[in-house]
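Each remark here refers to the structure printed beneath this line.
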Amino acid sequence: QVQLVESGGGLVQPGGSLRLSCEASASRTIFRMSAMGWYRQAPGKQRELVATITTDGRTNYADSVKGRFTISRDNAKKMLTVQMNSLKPEDTAVYYCNAVRLGHVDWGQGTQVTVSS
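Quick note, the sequence shown lines up with residues 5 to 121 if you use my numbering.
See the structure below:
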């Protein structure tokens, strides 16, 4: 099991930026073997994909965040990040990171992002 801890959420004005981080408790080997992703859940809505990154660095983004968000991973630091620019009120949600390895999925506890003036 991989324990994941997200950080970096907060209140930001529309058009602003935030950088979320997700630190994994696993060994570097386990982290390197895990596909990672960011998801979000707004009030009253289902959890949805934001972005994913494979073990070899290939990325995938939801259409709603393409060109604004950038996902990256640092295997040495066991860290997943997402840089979020040009934030919109509709980006308001709890953001979760996950790790997928051999069909097993671990989730973090989430961090709140609120975009409001």
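Glycine included, each C-beta is placed from N, C-alpha and C at the ideal position.
For clarity, every value in this text was computed on a predicted model and none was experimentally measured.
Spatial neighbours of Val98 in its chain, beta-carbon cut-off 6 Å, leaving aside the 5 residues before and after: Gln45, Gly114, Gln116
The beta strand (DSSP E) enclosing Arg105, as first and last residue numbers: 97 to 105
Distance between Val69 and Ile75 (C-alpha atoms, nearest Å): 11 Å
Beta bridge counterpart(s) of Thr63 as assigned by DSSP: Ile57
Thr56 to Trp42 span [Cα, whole Å]: 6 Å
Exposure of Ser38, with buried meaning 16 or more beta-carbon neighbours within 10 Å: buried
Beta bridge counterpart(s) of Ser76 as assigned by DSSP: Thr85
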